[in-house]
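Only one structure is covered here, and it is reproduced in the block below.
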Amino acid sequence: MPEQDPVPVSTQGPVNSSVDTIELRYPIDYREHTGTRLENDRRLLPIADEIKSGDNIENLERFAKAYLGMYLDMDNSIPAADRIHILANPELASLVHSGFAEILRNRKFASPEDIVESIYTNHFAEGYILLAAFDLFRDQKQNEVKNLPANTLVAIICFSYAYRNEIDEQWLHSSILQRPAEVILALTGFWQQLINHNTDHLPGIYFLIRNPEYDHISKKVLLPVLQNWISVRKKLLRDLLRCALRTTDPEQLYKLAKSSLDKWNAAEPGRYILWLACAFLLQPEKQLLNLTKYTGRTKEKIIPLLDFTYWVLHTDQISLPSLNAEAYATLIRIIAAKITPQKDRYGELCDNTRKVIFLFYCLCRANDKQPAIEKLLKVRVMKLYQPILEFISDETTISSDKTVPEQLDEFLGLLVQRNLIQPRIKWSD
253 MPEQDPVPVS TQGPVNSSVD TIELRYPIDY REHTGTRLEN DRRLLPIADE IKSGDNIENL
313 ERFAKAYLGM YLDMDNSIPA ADRIHILANP ELASLVHSGF AEILRNRKFA SPEDIVESIY
373 TNHFAEGYIL LAAFDLFRDQ KQNEVKNLPA NTLVAIICFS YAYRNEIDEQ WLHSSILQRP
433 AEVILALTGF WQQLINHNTD HLPGIYFLIR NPEYDHISKK VLLPVLQNWI SVRKKLLRDL
493 LRCALRTTDP EQLYKLAKSS LDKWNAAEPG RYILWLACAF LLQPEKQLLN LTKYTGRTKE
553 KIIPLLDFTY WVLHTDQISL PSLNAEAYAT LIRIIAAKIT PQKDRYGELC DNTRKVIFLF
613 YCLCRANDKQ PAIEKLLKVR VMKLYQPILE FISDETTISS DKTVPEQLDE FLGLLVQRNL
673 IQPRIKWSD
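Take any residue in the sequence shown, count from 1 to its spot, add 252: that is its number in our numbering.
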């Protein structure tokens, strides 16, 4: 990726109150650090050029950590810029500001992969300085997202997550929209290196996948993450696959799902069933036998399959052209046979019952539903749902101009009105 030309950065920090005013506002901290200020003047003013040019990384790091509120002996309620003046008299504080500006303007920072490695070895001092310098000067026009050098923007993202475990989400939002290539570079390299260390947490992953506005980023970064992340937690894998179904190329995702089924342990259904469900939703005709054989009549596998299908098709309202009446009938045959319709103590349909009825709704809306319905009517264990199957065989009145949840509510209303659902009371709710 071509580097942008460096943008000049002003070395003038935010306007600070006079030393007398700082002394009056923070008398305890100012008095307690009197010796520190005198010692800093004695040691650092003789090497003023090294501080001002940004070459003396070791001493600038100390001021950066103070600025970031990492010292326990300083009140973090003191504004960040004033913390430098607690530790340095005006002349030295000005030199520190200049050193910060030089780092922000001219430093070439480590790669995302090396930044991750520093988490497990020795932190880069310039990482803290960059974070402090950017925060100090970020309101200046030359430090707006569109003007930052690519290497600097990538480093800010990575150092924020690596050393602070947080980032200004509004700034990241602007970066995603204005500089997507740099954000992709930062997240891909940073996350992949964390995965190499068998992490079960990727900072920033939920911020990305929960916002459809960032789908253009998810489309680029999710497949590599899913391909290599063996230690991913079940709930996060579920959400990653949901986002991948929404954003990535279906053929590429299916290839990945198919290869993952060979890699993951089928004896651990928590993750395996998610990959199998994903593969089935993308290519039902190729995975029909595998899904039927694997799930059997085990609720440990059937319930996660039902939940994942419901979240993808109902909650996320993802349209998958590969799903037809035969696919919905397969899901009904596997799931509905093991889930008896139930009401809770308040007379409302239980969640799992609503989710099963949603599958019947999907079958009702399918164009080629008649052959699939006829097959289901011949299945002995589907006798409990026979009235619903006979109803959806002729039903065509569901409004198509409503949202999926609204259509499901209308469908449920028709079934209840005709007394086609005969649930038992589930007193355990």
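In this text, a Cβ means the ideal position worked out from N, Cα and C, and glycines have one as well.
With DSSP run on the structure shown, which of helix, strand or coil describes residue i?
i, result
"K654", "coil"
"L572", "coil"
"N417", "coil"
"M634", "helix"
"W481", "coil"
"P556", "helix"
"N341", "coil"
"R670", "coil"
"N691", "Within the shown structure, residues of the chain are numbered from 253 to 681, placing residue 691 beyond reach of any answer."
"G456", "coil"
"E662", "helix"
"L405", "helix"
"E396", "coil"
"S370", "helix"
"L615", "helix"
"D257", "Its pLDDT being 44, under 50, D257 is placed unreliably in this model, and the coordinates cannot settle the point."
"L320", "coil"
"Y380", "helix"
"N358", "helix"
"R549", "coil"
"D620", "coil"
"Y278", "coil"
"T582", "helix"
"T500", "coil"
"N308", "coil"
"H349", "helix"
"H468", "helix"
"S262", "Note on S262: pLDDT 48, under 50, position unreliable in the model; the coordinate value appears next. In the structure shown, S262 sits in coil (DSSP, three-state: anything other than H, G, I, E or B)."
Using the DSSP secondary-structure output, state which residues sit across from residue i in a beta bridge.
i, result
"L601", "K595"
Between which residues of its own chain and residue i is the CB-CB distance below 6 angstroms, once the five residues before and five after are set aside?
i, result
"R318", "One detail in the question is off: residue 318 reads as Ala in this sequence, not Arg. Result list for A318: R335, L339, in chain order."
"Q539", "A531, F532"
"L660", "F610, Y613"
"I570", "L497, R498, V564"
"A332", "Y319"
"K471", "T499, T500"
I'd like the list of long-range same chain contacts for residue i, defined as Cβ closer than 8 angstroms, with 5 residues on each side in sequence excluded.
i, result
"L534", "L497, P502, L505, Y506, A509, L572, S574"
"R549", "A589, K590"
"L424", "I409, V435, G456, F459"
"Y282", "I274, E275, I338"
"Y451", "What sits at residue 451 in the sequence shown is Thr, not Tyr. Around T451: S483."
"P657", "H566"
"L383", "A316, L320, I408, F411, S412, Y415, R416"
"V732", "What the structure shows of the chain is the stretch from 253 to 681, and residue 732 is not part of that stretch, so it cannot be assessed."
"V608", "L558, I584, I587, A588, I591, P593"
"K486", "G522, R523, L526"
"V397", "L405, W423, S426, S427, Q430, R431"
"L475", "A496, T500, Q504, L505, L508"
"E421", "F459"
For residue i, which residues from the same chain have a beta carbon less than 7 angstroms from its beta carbon, with the 5 sequence-adjacent residues on both sides left out?
i, result
"A618", "N576, A577, Y580"
"Q256", "For Q256, the predicted model reports a pLDDT of 42, less than 50, meaning its position is unreliable; a value from the coordinates is still stated below. Closer than 7 angstroms at the Cβ level, and outside the excluded window around Q256, lie P401, A402."
"T547", "K553, I554, L557, I586"
"A438", "P364, V406, I409, C410"
"E354", "S305, G306"
"A345", "I336, H337"
> Taking only runs of the beta strand (DSSP E) that begin and end inside the segment 508 to 547, which ones reach a length of at least 3 residues, in chain order?
Replying inline: none
>> Would the segment 581 to 598 count as touching the segment 552 to 566 if we require 3 or more Cβ pairs under 8 angstroms?
In response: yes
> Is the segment 288 to 297 close to the segment 354 to 374, with three or more CB pairs under 8 angstroms?
Replying inline: no
> Is the number of C-beta pairs between the segment 371 to 381 and the segment 414 to 423 that are closer than 8 angstroms three or more?
Replying inline: yes
>> Quick test of the definition: if touching needs 3 or more C-beta pairs under 8 angstroms, does the segment 516 to 532 touch the segment 463 to 472?
In response: The segment 516 to 532 is not in contact with the segment 463 to 472.
>> Does the segment 662 to 676 come into contact with the segment 629 to 647, if we say contact requires no fewer than three beta-carbon pairs (one atom in each stretch) closer than 8 angstroms?
In response: yes
> Residue ranges of each alpha helix (DSSP H) run of no fewer than 4 residues wholly in the segment 423 to 447, ordered along the chain?
Replying inline: With a minimum length of 4 residues, no continuous alpha helix (DSSP H) run stays inside the segment 423 to 447.
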